[in-house]
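Please read the structure below before turning to the comments.
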Amino acid sequence: MSNIQNAEFGSIVKLIQEAQSRVRQYTNTALVTLYFDIGKTVSQKVAQGMWGQGTVQQLADYIQAEMPALKSFNRRGLYRMKQFYETYCLGSEFDAVFQNIASLNIENQNNKNVSAPPTHLSFEFVSTALTQIQKPQNEKVSPLATQLGNDDNNEKTIVSALQTQLSWSVHLEILSACKLPEEKLFYLIMASKEKWGKLEVRRQIDSGYFERYALSNTKMSPLAPQLPAKISEHLKDIYSLEFLELGDDFSESDLQKSIIKNLKKFILEIGNNFSFVGEEYRVQVANRDYEVDLLFYHRVLQCLVAFELKITDFKPEYLGKMNFYLEALDRDHKQPHENPSIGIILCKSKDDEIVEIAMSRSLSPTKVAEYTTKLIDKKLLQAKLHELGELYNQSKNIEP
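Numbered according to full-length UniProt numbering, the sequence shown spans residues 1 to 400.
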């Protein structure tokens, strides 16, 4: 078979795969919308006193008798749909947030130059969004309400804003595992952006990603070159590497080998915009070879990202080594259209004061982050987040 035939046949296979993807997306969107509509009917009938628990069971039995092949419409499944509707319906605590997202989506369709909705949530964004939640009924929450007309249209828009590309199993995982509205919103957006499946959503929730993200201290050098996007949106302060299954004692070589062995999971943790370039990546300076532990390319930031792995606490001298690597990468490996390389020093732990002083005069865009090889107790993270929230709210109330 000739190379021309290979290319032609490959293009046809690509067309088939794209069509299959569209069919899956359409099917998933239809299912999520269906479950929302069924949840609405059940919720309203129960709220009006027309249906009791026995009636819901009768409905489940009726569906089973009429359509025995369907497995999602038992009593438990119907109540899950009811919960889904009540969590995200018009008038719920999410109403203002989702209507604002929906209005941005509509503007994007009409104007390609309009910025897309935020794909990452800072602590301030979450706090600001929460101020819109549960407004008094006589207070206008969004101009979108007057544009769309009746409640049915509003609810259709809200369903659309629910990121219907997420599978029903992902929605169920978020509904059952997350209690706070801002936590649900966070995982809805992140699962959509990072294309997480059910198992990865569960792992991220179990590892306290929401709490870790909100607690992140993403300070970099104030003298570092300006990048085209906020680094805090793409880098974490704490990385959960429990999937490496390392014991209590391990070397830097063990850590690196385990990351390479579990590279797919590692990229899921650091973000799917990272593309792997190489391990022990060689840079040459003055006819001497030096090796970067791990080298990635970030598609959004459009730059090389060097990882230096450490099994000890952060030490100031680590920064000098990273500065050297980044300069070598920028001189000999960075493409003209790319942005300056970024460094991530991944340590067992760090003292923020030491990091701040070490980086205060650095020109290098380097991030010092921690990792954990065991799941962090979510209760500890939640306690820290609550404390941070109190401090944040107090700071907002202080007169300038």
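We put the beta carbon where it would ideally sit given N, CA and C, even for glycine. These numbers come from a predicted model, not from an experiment.
*Cα-Cα, which of Q382, L235, T29, R288 is closest to L268?*
L235
*asked:* Is the separation between the beta-carbon of F243 and that of N262 shorter than 8 Å?
replied: yes
*Apart from the five residues just before and just after K321, which ones in its own chain have a Cβ nearer than 8 Å to its Cβ?*
E308
*For Q48, does the three-state DSSP call read helix, strand or coil?*
coil
*Excluding the 5 residues preceding and the 5 following L15 in the sequence, name in chain order all residues of the same chain whose CB lies nearer than 8 Å to its CB.*
none
*Which residue from Y290, D289, A306, K310 puts its Cα closest to that of F296?*
A306
*Less than 8 Å between the CB atoms is what I'm expecting for D254 and L246, so what's the real figure, rounded?*
6 Å
*Measure the alpha-carbon distance for V56 versus K310 and round it to whole angstroms.*
57 Å
*Bounding residues of the alpha helix (DSSP H) (the contiguous stretch that carries H298)*: Element bounds for H298: not the alpha helix (DSSP H) but the beta strand (DSSP E), 288-298.
*Sheet register partners of F276 (DSSP bridge)*: F296
*Would you identify the three-state DSSP class for R76, choosing helix, strand or coil?*
helix
*E211 versus E66 - alpha carbon distance*: 45 Å
*Quick one: Cα of D330 to Cα of Q165, how far?*
38 Å
*Neighbourhood of I63 by C-beta, 8 Å cutoff - its chain only, sequence neighbours within 5 removed*: L70, F73
*asked:* Could you give the first and the last residue of the continuous alpha helix (DSSP H) run that contains L246?
replied: Taken as a continuous stretch (DSSP letters only), L246 belongs to no alpha helix (DSSP H), as it is neither H nor E.
*Count the other CB atoms within 10 Å of the CB of K374; is the residue buried (16 or more) or exposed (fewer)?*
exposed
*asked:* Quick check: does the Cβ of Y26 come within less than 7 Å of any heavy atom belonging to the ligand HEM?
replied: Looking at this structure, you won't find the ligand HEM or any other ligand, since it has none at all.
*8 Å Cβ cutoff met for P336 and P365*: no
*By the 10 Å Cβ neighbour count, where 16 or more other Cβ atoms means buried, how is E317 classified, buried or exposed?*
exposed
*asked:* I'd like to know if S275 contacts chain B, where contact means its C-beta is closer than 8 Å to some C-beta of that chain.
replied: Although the question refers to chain B, the structure presented lacks it and comprises just one protein chain.
*Cβ pair residue 403, Y371 closer than 8 Å*: The first residue shown for the chain is 1 and the last is 400, placing residue 403 beyond what the model contains.
*Kindly list the residues whose CB is nearer than 7 Å to the CB of K379, restricted to its own chain and excluding five residues on each side of it in sequence; keep chain order.*
none
*Does the segment 6-26 touch the segment 45-59, meaning 3 or more C-beta pairs lie closer than 8 Å?*
no
_Beta-carbon proximity list for E183, same chain, < 6 Å, skipping 5 on both sides_ = F210
*Given that a residue counts as buried once 16 or more other Cβ atoms are within 10 Å of its Cβ, and exposed if not, what is E353?*
exposed
*Which of helix, strand or coil does DSSP assign to Q83?*
helix
*In whole angstroms, what is the alpha-carbon distance linking R80 and G39?*
8 Å
*Spatial neighbours of K82 in its chain, beta-carbon cut-off 6 Å, leaving aside the 5 residues before and after*: G39, V42, S43
_Run through the DSSP bridge pairs and tell me what Y239 is partnered with._
Y371
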